[in-house]
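Here is the structure we will look at, set down as C-alpha cells.
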Amino acid sequence: MDAAQQRVANFADLQASTTTEQVFDINGNVITASIGRAGYVGTTFYGNPGNYVDARGVLNPNGVGNASEMIAGTAANDTIIALGGNDTVRAGAGNDTIEGGSGVDFLYGGDGNDTIDGGTEDDFLYGEAGNDTMRGGIGIDTMFGSDGNDTMYGGLDADVMIGGTGNDIMYGGDGVTDAAGILDPDSLVGAGLIDDTMNGGQGDDTLYGGGGWDSLNGDSGHDLLIPGSGGLVAGGREAMDGGQGDDIYIIESIADFASHDIADSGLRRDQLVNKTIYRDQDATRTANGTANGIAIDEVRFTQTTPGDIILAGTNPAVPGALPSLFTGIERVVIGTGGADTADRTGTAAINIDASLANPGLNEGLEIWGNAGSNIIVGTAFDDVIDGGGGADTMEGGLGNDRYVLDQADDIVIEGLSGGGNDTIVVAGNFNYTLADDIENLTLQGTNNNQDGTGNALDNILIGSGSANRLLGLAGNDTIDGGGGDDTIIGGAGVDRLTGGDGNDTFIFASMAEIGNNASFRETITDFRPQGRTDLDLLDLTAIDADTGTAGHQSFNYANILSSGDSTNLQAGQLLYVNGVLYGGTNGSAGADFQIALNNGPTSLTRAMFVENPTLSIAKQGAAATNEGNTGTVNHVFIVTLSRAVSVDTTVDWSVSHTGDTALNATDFVVNNTVLPQGTLTILAGQTSGTITIPVHGDTIVEANETFQVTLSNSSGVAVIGTASATSTITNDDSNAVITGTNGNDTLNGTAGPDVINGLGGNDTLNGNAGDDVLDGGTGNDTLNGGNGSDTLIGGAGRDIMTGGLGSDIFRFNANIAETRALFVGNDQITDFVSGVDIIDLSAIDANTSTAAPGNQAFEYIGSAAFTGLGQLRYANGQLQGNVSGSNAADFTISITNNPATLQATDFLGVTTPQPTLLAQQSLAFDIVQPQVQPEPTTGTNAETTNPSAGTGVNSQIAASAPPINGTTANETLNGTAQAEVINGLGGNDTLNGNAGNDVMNGGTGNDTLNGGDGNDTLDGGTGTDILNGGNGNDLLIGSAGRDTMTGGADSDTFRFNASVTEIGNLTFGFSFSNDQITDFTPGQDVIDLSAIDANTSIAGDQTFEYIGSAAFSGLGQLRYQNGQLQGNVTGSNAADFTISITNNPATLTNGDFIL
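Numbers 9 to 1163, taken from the working numbering, label the letters of the sequence shown in order.
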C-alpha cells in the first residue's frame, strides 16, 4: 500500500474511513469487499484498523485492526505504527521509527539509524544499514543487525539476536540498564525468563544475557559477553563463546545461577570479568564453569565495593583437588575496589573450576591488582603478579614467579611456599634489595640513581634505561646495567658483569671477592668494547694495593704493565695481557687477583681507572697564634678528601715537633705530658673533617713553638696525599729574657716571669718573683729560683740550685758524650720538697750498655743497694744513679736539705720496680721517652733532640703482669692489651706486643718482634732479626746482626747502636751489614745514628756530616743514593757501613736523621 496519498485529521476519522476494493485471494479469485483504510494522522503513519487482505492473501473481515499489511516508508525520517496484524514494514531510507504492534511482524529499517520495536508475538526485526536499535518485546523474536553498530534488546522471551557486521550490543533481558549502562540483573523477573541466543557476528560486539539461560556467541571481533541472572530450569547453564578475537566475559552476579559454560572457539586473548562483589559468605553456591576453549587468558574482577576475592584452592566436592581453572587462564585482574584479597589457596567462599580442553597449553596466572592494598596469592605454576597501586602483599607460591612492584611498600612473600627461580620487577622509581629467597631483579624506573641489590643467591640483576647502582653481594651473579651510566658491584662469588649502554663504572670492593684463577675470577663482558666509544671505568680504590705497608695504598696506575709474567708482580703493580687484568698486593712476586675483560681494549691506561681519593691536611687561618695567658686557643686543621666516597674514611693523626723545635706537652694537655693524637672519621658522602688542637695559655716565658699534625694509617679507600701541616704557638708573655756572657755573671730577674741564660763562666742567677727559667750553662753556677714555680737547669759543671717557694723543677740535661762520660758532677739541690718539686732526669740514658736499648728510664729502688744498671737510689741526702752496671754510683746529686725519703713521683724519667703480682693484680708505672723533652729550649745546654719515638715524658703504662721472659728455647711470647716488657732471651723467638706501649728485647737468636698497637720499643738483640713496629710511634733498634725493620704506621725511629767495644773490634762494613729498613717515610720517620762515632780518628763521639748523594771526600760523612744509606768513619773515602732502605725514597734530608 502506498501510504503517501492518505491523510486524515485524526485517528477516529481513519478508523471510520472505508472503501470497496477488488483483490485476489491466494487462489487467484477476485474478491470485492469493503475494507478500512490506512494513512497518516499528522506525520505518523498508522496501519489499517479495519478489514484487509494480509500479505498471504487472506481477508481479515473482522474490522478490529488486525489486518496484515505491507507498508512502505519514504526517504524521510518516518514513524510507522503497524498496529494489529502480521504486518510487513519496509521503512526505506531515513532514520525511521517502527512499531510492529500485535501479530507476527516483519520489520525492515532500511538505510539510516532506525529504531524498531517488534511489539507482541514472535517478530522478525531487520536493522539493515545504519546503527539501529531493536527491541523484540514480548514473544520469541529474531533480530538481525546487518551492517552498522546495532543495539538489540530481547525482552522476556527466548530471543535470537544476530549482530552481523559492526560493533553490536545485545541485551537478552527486558532492556533495563543500571547507571553504568550495564543490564541490571535486579530488574529481571525470575519466574518468566526465557533463554536467549545471541550471535555477535563480525565486529566488536557486546552481548548481555539478561534473564534466562542464554547462549552468547561473540563470533569474530573483540566481543564483550555478559551472561544474565538465571532461568526457569534448575541446573541450567549460561553458555558463552567469544569466538575469534580478544573477548571479555563479564559475570554480573552469581545470585541466580549455579554455573556457566565458557568456551572460546578462537585463539586470542580473552578476559573473564566479575562486576559485583564476588563473594559467598555461606559457601552454598559455586560457579563451576567449564571452559571448553583453550585460550581464556584473563580473569578480571572489576568490583566497585571493597571486599575479598577468593579463588578456592580445592574443589569442595573433591577434597584436596586443585582447580583446573588455573591451568588455562593466564591473568587475574582485581578491579577498582579497595583492600581486596585474591587467594587461590582458600577453601571458603567461591570455588571456580573451569577446565580447558587443552590444560597443558598455559600454566600459571597473570594477576593484576587495583589501587587498593591487595593480598594476592598465585598458583603452583609460573605466575606474573602485579599488585597495582597501594601497599600490596604478593605470594607466588611454587613455580618461577614474576612480581611487578609499583610501590615501595609492596611486600613479596616467597619463602613460605616458594620455590623456583623468581624475579622482582620494580616498575616504580625506588630502590630495592632482594629478600633472601628471591633470585632475580629487574629495574624499570625512569629516574637516575635507582639502586638494585641482590642477596647470597646466584642473582640476575638487570638495570633500567637510566643510571643505576647494582650490587650483587654474595653468589655467582649475572649483572646487566642496561642503559644509562651505571655503577656495578659484583660482590663475592664468580660474577659476570655487563655495563650495557652508557659510561659504566665497575667497582671491586675487596680482593677476596675477585678471585685469582681462570675458573674463579670476575668477568666483564663489555668493558670499553672495541668498536664502541663507551668511557667505562674500573674502580679498584677499595683494595689495599700494598698490604705490607701501613695504611691504605693505591695501585701504580701510571705504569700499567702490558707484557710479562703475572707471577712476577710486586705489590701495587697491575698487568694487562690477553684480555686479563692481574694485580699484586702483598709483595709475594705473583698476582693476587684477576679480572677478565672480554672483548676489552687492547691496552689499559690510567684514564680507564678510578683513582683513589687523597687526604690532605692544611692549617686553617693564620700560621701562628698567640697562646695567651689563660684558657685555651684552638689551632684548627682541615683534612680534605679529594672526592666524596660511599664509605667512611678514617685517618690517624698525631702532634709532633718540627725541626729542632722542642715541644712542651703541657702546652696541649693540662697535667699530662702526652702530645695530642687521635683518629679522624670523614663520613660517607662528606669531603672534609676538622682536627682541633687546643693550646693552653700560660705566663711561662718560652720560645715560639712550631708543631705539626701528621696524618697516618688511612682506611677506607683514601690514600694520604699531603701528610702534615704546621702551626706556631707564639709566646706572648711580657717577660724579660736576660742573657749573660762567657764570664762570671750575676744576673737578676724581674718581678715577673723571666728567662735567664748564664752561658759560660761561674754565674749566679737570681730569678726573684715569677715563674722563671734559669739555665746556668757551662761552669760552676749558683741558681736561685726565688718565688714562683721555677725551672732550674744547671748545665755542665758543679752547680748549686735553690728553688725557693713554689713547685720547682730541677733539670739535669746530658748529651750523648756527657752520658758516656758518666759526668753530671756533684751538683747540689738545697731545698727539695718531696711531693712538691720535681727532679727531671729524663734526658739521661739510664743504661749505657750496648746490650739494651739506649736512653732508657731509671728504675727507682729507694734506699736499696744497687743490683744492676739503670737503677736510681736515694739515702742520706744523696741521689745516685748507676748507668754502667758496675753496681756503684756513676753520678751523685746532693740534696743538702736532706729529706727523709723520696718517691718515684718526685722524678721525671724514672720507674718503680715491678713487684711480684698475684692473679688479678695490676701495676702502673712511668716510662720516660727521652726523645720528647720539656721546655725551655733557650740557653746553652738546652736540648734540641728530635722527638721521634714515644709519647712524651711521664707516660703512664698499665701492666697486668710481671715482665714476660722467655728461655733459651724457640718460643712465641704474647703480650696483652696493656703495656709489658717482653724479653725473648735465647732461641729464635717470636714476640707479639699486641696493644699497649710495650718494650721488647729479642736477646740472642734470630727473632721476630711484632709491636702491634701502641708506641713500642723493639730491640732485636743479636742475630738476624725481623722487627715490625705496627701502629704507633715506635722505636726499632737492630743491634748486632743483620736485621730487617718495618716501622708500620705513624712516626717511627730506626736506631743503630754501637759501643766502643764494637767499634774497636768490628769493621763497620759488618757491624750491621745490610741492615734493612722497608718503609722509611721522609719527613715522618727518623734514622738515629747518634750512638755511632762518626770519626774514629779522634777522641769523643763525633756526629756525621750528611752530604746527600755526593761522593765521600773525607771521614765522618754520610750519604744516600738509590736506597742505600752509607757512612764513612775511617777516612778511607769508602763506605764503612751500609743500611738498605728497600722502599727507595727519592731523597733524604738532614731532618730525617739524629746524627
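Every residue, glycine too, gets a C-beta built ideally from N, C-alpha and C.
Using the Cβ count rule (16 or more neighbours within 10 Å means buried), how would you classify residue i?
| i | result |
| --- | --- |
| residue 911 | exposed |
| residue 971 | exposed |
| residue 561 | buried |
| residue 908 | exposed |
| residue 1009 | buried |
| residue 834 | exposed |
| residue 766 | buried |
| residue 339 | In this prediction, residue 339 scores a pLDDT of 47, lower than 50, which makes its location untrustworthy; the coordinate-derived value is nonetheless stated afterwards. By the 10 Å Cβ count, residue 339 comes out buried. |
| residue 528 | exposed |
| residue 745 | exposed |
| residue 836 | buried |
| residue 977 | exposed |
| residue 1117 | exposed |
| residue 725 | buried |
| residue 458 | buried |
| residue 1106 | exposed |
| residue 918 | buried |
| residue 975 | exposed |
| residue 693 | exposed |
| residue 613 | exposed |
| residue 166 | buried |
Inspect the beta-carbon positions of residue i and residue j and report whether they are closer than 8 Å.
| i | j | result |
| --- | --- | --- |
| residue 125 | residue 108 | yes |
| residue 1042 | residue 1031 | no |
| residue 782 | residue 801 | yes |
| residue 145 | residue 151 | no |
| residue 662 | residue 718 | yes |
| residue 649 | residue 690 | yes |
| residue 1034 | residue 1064 | no |
| residue 585 | residue 596 | no |
| residue 779 | residue 807 | no |
| residue 468 | residue 495 | no |
| residue 617 | residue 545 | yes |
| residue 578 | residue 524 | no |
| residue 1160 | residue 1090 | yes |
| residue 816 | residue 805 | no |
| residue 480 | residue 491 | no |
| residue 658 | residue 688 | yes |
| residue 89 | residue 99 | no |
| residue 1026 | residue 1011 | no |
| residue 774 | residue 752 | no |
| residue 569 | residue 530 | no |
| residue 750 | residue 705 | no |
Leaving out five residues on either side along the sequence, give the residues of the same chain with a beta carbon under 6 Å from the beta carbon of residue i.
| i | result |
| --- | --- |
| residue 1136 | 1120, 1123, 1125 and 1144 |
| residue 515 | 497 and 547 |
| residue 21 | none |
| residue 1147 | 1083 and 1133 |
| residue 557 | 1087 |
| residue 1152 | 1131 |
| residue 418 | 395 and 400 |
To which residues of the same chain is residue i closer than 7 Å at the C-beta, ignoring the five residues directly before and after it?
| i | result |
| --- | --- |
| residue 101 | 83, 118, 119 and 120 |
| residue 885 | 902, 903, 904 and 906 |
| residue 973 | 991 and 993 |
So that I know if they touch, is there some Cβ in chain B lying closer than 8 Å to that of residue i?
| i | result |
| --- | --- |
| residue 575 | Included in the structure is just one protein chain, with no chain B present. |
In chain order, what residues of the same chain have a beta carbon less than 8 Å from the beta carbon of residue i, not counting five sequence neighbours either side?
| i | result |
| --- | --- |
| residue 511 | 493, 542, 543, 544 and 545 |
Using 8 Å as the Cβ pair cut-off and three pairs as the minimum, do the segment 632-652 and the segment 582-598 touch?
Short answer: they don't touch.
Could you tell me whether the segment 127-141 touches the segment 153-162, using the rule of 3 or more Cβ pairs below 8 Å?
Yes: at least three Cβ pairs fall under 8 Å.
Which whole runs of the alpha helix (DSSP H) in the segment 784-850 are 4 residues long or more, in chain order?
Taken in chain order, the whole alpha helix (DSSP H) runs of length 4 or more contained in the segment 784-850 are 824-829.
Three or more C-beta pairs below 8 Å linking the segment 730-749 and the segment 623-636:
Yes, since at least three Cβ pairs between the segment 730-749 and the segment 623-636 fall closer than 8 Å, the two stretches touch.
Residue ranges of each beta strand (DSSP E) within the segment 583-653, 3 or longer:
Listed in chain order, the complete beta strand (DSSP E) runs (minimum 3 residues) inside the segment 583-653 are 588-591, 601-605, 622-627, 632-634 and 640-649.
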